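Peer 1:
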Amino acid sequence: MSSKQSACIIRRFLFLSLLALLAGCGGGGSSGGDVPGFANRMITAFSFTAAANPQLGSDITGTINEESGTILLSGPLDADDVAGLKASFTTTGKEVSVGGVVQESGVTGNSFTGPLTYRVTAADGSTRDYTVSVAYWKHPSGLSDNISPDGLDEYGCQVAMDNSGNALIVWYQDDGSRDQIFKSEYRDGEWIHPEGPDNNISSDEDADAYYPQVAMDASGNAVIVWVQSDGIRQQIYKSEYRDGEWTHLANPGDHISLSEQNANEPQVAMNHNGNAIIVWEQGPIFKSEYRDGEWIHPADLDDHISPDGQDAEEPHAAMDNNGNAVIVWDQDDGSNWRIFKSEYRNGAWTHPADLDEYISPDGYDAYPSRVAMDNSGNALIVWEQYDGSNWQVFKSEYRFWEE
Numbered sequence: 000m001s002s003k004q005s006a007c008i009i010r011r012f013l014f015l016s017l018l019a020l021l022a023g024c025g026g027g028g029s030s031g032g033d034v035p036g037f038a039n040r041m042i043t044a045f046s047f048t049a050a051a052n053p054q055l056g057s058d059i060t061g062t063i064n065e066e067s068g069t070i071l072l073s074g075p076l077d078a079d080d081v082a083g084l085k086a087s088f089t090t091t092g093k094e095v096s097v098g099g100v101v102q103e104s105g106v107t108g109n110s111f112t113g114p115l116t117y118r119v120t121a122a123d124g125s126t127r128d129y130t131v132s133v134a135y136w137k138h139p140s141g142l143s144d145n146i147s148p149d150g151l152d153e154y155g156c157q158v159a160m161d162n163s164g165n166a167l168i169v170w171y172q173d174d175g176s177r178d179q180i181f182k183s184e185y186r187d188g189e190w191i192h193p194e195g196p197d198n199n200i201s202s203d204e205d206a207d208a209y210y211p212q213v214a215m216d217a218s219g220n221a222v223i224v225w226v227q228s229d230g231i232r233q234q235i236y237k238s239e240y241r242d243g244e245w246t247h248l249a250n251p252g253d254h255i256s257l258s259e260q261n262a263n264e265p266q267v268a269m270n271h272n273g274n275a276i277i278v279w280e281q282g283p284i285f286k287s288e289y290r291d292g293e294w295i296h297p298a299d300l301d302d303h304i305s306p307d308g309q310d311a312e313e314p315h316a317a318m319d320n321n322g323n324a325v326i327v328w329d330q331d332d333g334s335n336w337r338i339f340k341s342e343y344r345n346g347a348w349t350h351p352a353d354l355d356e357y358i359s360p361d362g363y364d365a366y367p368s369r370v371a372m373d374n375s376g377n378a379l380i381v382w383e384q385y386d387g388s389n390w391q392v393f394k395s396e397y398r399f400w401e402e
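Numbering (numbering that gives the first Met the number 0), first residue to last: 0 to 402.
Following this line, the structure appears as structure tokens:
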């Protein structure tokens with residue numbers, strides 16, 4: 000073999016190696032990594048700059064996922080903002096087009112009210128598509144754009160969402176005869192609202208239903224609780240969504256509270272795994288909890304969590320993703336209103352043994368209390384309390400401390 004032939008073979012080898020390297024590299028997105036074979040037709044950066052879009056207060060940078068071919072952008076935007084945005088981008092391709100219209104970075108405007116397909120064309124004519132989606136606010140178009148049935152007053156709306164954007168809205172509303180519980184829900188990209196005042200989830204018995212509360216887990220499972228009379232006393236009821244199906248109460252006797260006394264002020268908490276706690280006042284504070292696929296309700300009036308001796312009010316609950324939980328409430332100890340807590344950690348509940356086991360400072364009334372918990376079990380309890388001159392905000396917190 001001549002030296003000239005050897006040099007030609009070496010040049011071909013180096014050229015093919017360079018092509019393979021370019022196919023496996025190139026500018027990618029902020030997640031997903033590069034996809035081999037698309038190096039000559041990629042979008043390597045995508046944003047809406049304030050310079051090109053004066054309606055924006057700051058630049059909005061897109062997240063590019065090369066594997067899925069998606070670009071996502073989110074910011075403080077509403078429908079008017081996204082109606083004519085000009086995208087700034089860089090590409091390894093020859094040109095970028097949307098609907099056959101060639102795009103000029105920072106110049107060509109488009110409406111991003113829905114997903115757009117950006118097509119990158121390489122010099123060899125091959126193409127790659129990116130789906131660009133923008134998150135923005137949609138506000139009511141006017142006073143007729145309500146989700147509750149027309150003609151009757153609504154009260155007490157509450158809302159919850161899961162990690163996939165599914166959502167629930169609950170409220171109580173007069174159906175022409177009595178107050179009932181209604182829900183709107185967003186699942187699989189679509190809202191379903193009540194068709195009319197008879198599309199309620201509470202019992203149709205001759206008793207008002209009110210004070211709905213709602214919680215969702217990470218997978219869209221949900222619990223709705225409310226107060227309604229069973230014909231004799233106020234009771235706590237629930238509707239539950241699990242495994243893709245709703246279970247509503249069948250009759251007024253399907254309450255979770257105890258029959259012997261009036262029950263009120265339910266609250267519900269749910270963690271990402273579907274465990275749930277419902278708390279309410281019924282003289283003392285009671286709880287129902289869902290763990291390991293099963294509900295456990297109070298057995299009798301002695302099965303309460305608050306200390307004996309005085310009535311307790313306004314319970315609230317929080318859970319973390321490991322099932323740990325904190326319940327707080329206000330209770331009179333005979334001298335002042337105090338803040339109490341029950342706590343579930345390491346698989347067991349710890350309840351206050353008597354009226355001396357409160358967490359608020361001595362001296363003056365304390366109420367109401369609220370609680371929050373993160374996914375690692377850290378917790379924060381806050382309440383209002385009089386200090387002798389003014390009402391102030393106090394807190395108790397649970398976390399790993401450095402000192």
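From the three backbone atoms N, C-alpha and C, an ideal C-beta is built for every residue, glycine too.
Fair warning: this is a prediction, and the values are worked out from it, not measured in the lab.
Round the Cβ separation of residue 119 and residue 92 to the nearest angstrom and send it over; I've been treating them as touching at under 8 Å.
Peer 2: At roughly 4 Å, the Cβ-Cβ gap stays under 8 Å, so residue 119 and residue 92 are in contact.
Peer 1: Taking three-plus beta-carbon pairs below 8 Å as touching, is the stretch 293-303 in contact with the stretch 314-330?
Peer 2: No, the stretch 293-303 is not in contact with the stretch 314-330.
Peer 1: Flag residue 272 as yes when its Cβ comes closer than 6 Å to any non-hydrogen atom of the ligand FMN, and as no otherwise.
Peer 2: Of the ligands one can find in the structure shown there are none, so the ligand FMN has no counterpart to examine.
Peer 1: With a CB to CB cut of under 7 Å and the five nearest residues on each side skipped, what residues in its chain are close to residue 192?
Peer 2: These residues qualify, in order along the chain: 146 and 183.
Peer 1: Give every residue of the same chain whose Cβ lies closer than 6 Å to the Cβ of residue 69, excluding the five residues on either side of it in the sequence, and list them in chain order.
Peer 2: Same-chain partners within the cutoff: 130.
Peer 1: Residue 231: buried (16+ other C-beta within 10 angstroms of its C-beta) or exposed?
Peer 2: Under this definition residue 231 is an exposed residue.
Peer 1: Just to confirm, are residue 251 and residue 229 a CB contact at a threshold of 7 Å?
Peer 2: A contact, by the Cβ cut-off of 7 Å.
Peer 1: Quick check on the DSSP output: the alpha helix (DSSP H) that includes residue 106 runs from which residue to which?
Peer 2: No alpha helix (DSSP H) contains residue 106, which DSSP labels as neither H nor E.
Peer 1: Which residue marks the beginning of the beta strand (DSSP E) containing residue 221, and which one marks its end?
Peer 2: Looking at the DSSP string, the run of the beta strand (DSSP E) that includes residue 221 is 221-228.
Peer 1: Which word fits residue 318, buried or exposed, when buried means at least 16 other C-beta atoms lie within 10 angstroms of its C-beta?
Peer 2: It counts as buried.
Peer 1: Indicate whether the contact test is met: 3 or more Cβ pairs, each with one atom in the stretch 165-184 and one in the stretch 94-111, closer than 8 Å.
Peer 2: The stretch 165-184 is not in contact with the stretch 94-111.
Peer 1: What's the gap between the Cα of residue 241 and the Cα of residue 272?
Peer 2: Their backbone Cα atoms lie some 11 Å apart in a straight line.
Peer 1: Shortest alpha-carbon distance to residue 217 belongs to which of 56, 374 and 379?
Peer 2: Out of 56, 374 and 379, 374 has the C-alpha closest to the C-alpha of residue 217.
Peer 1: Report buried or exposed for residue 149, applying the criterion of at least 16 other Cβ atoms within 10 angstroms of its Cβ.
Peer 2: Residue 149 should be labelled exposed.
Peer 1: Output the distance between the C-alpha atoms of residue 97 and residue 88, rounded to the nearest integer angstrom.
Peer 2: Cα to Cα, the separation comes out at about 13 Å.
Peer 1: At a Cβ threshold of 7 Å, is residue 124 touching chain B?
Peer 2: Among the chains of the structure shown, chain B does not appear; only one protein chain is present.
Peer 1: Which term fits residue 61, buried or exposed, when burial requires 16 or more other beta carbons within 10 angstroms of its beta carbon?
Peer 2: When all chains shown are included, residue 61 counts as buried.
Peer 1: Any contact of the stretch 354-362 with the stretch 328-337, i.e. 3+ C-beta pairs under 8 Å?
Peer 2: The stretch 354-362, when compared against the stretch 328-337, does touch it at the 8 Å Cβ threshold.
Peer 1: Quick one: residues in its chain with C-beta nearer than 6 Å to the C-beta of residue 234, no 5 flanking neighbours on either side, listed in chain order?
Peer 2: Around residue 234: 254, 256 and 262.
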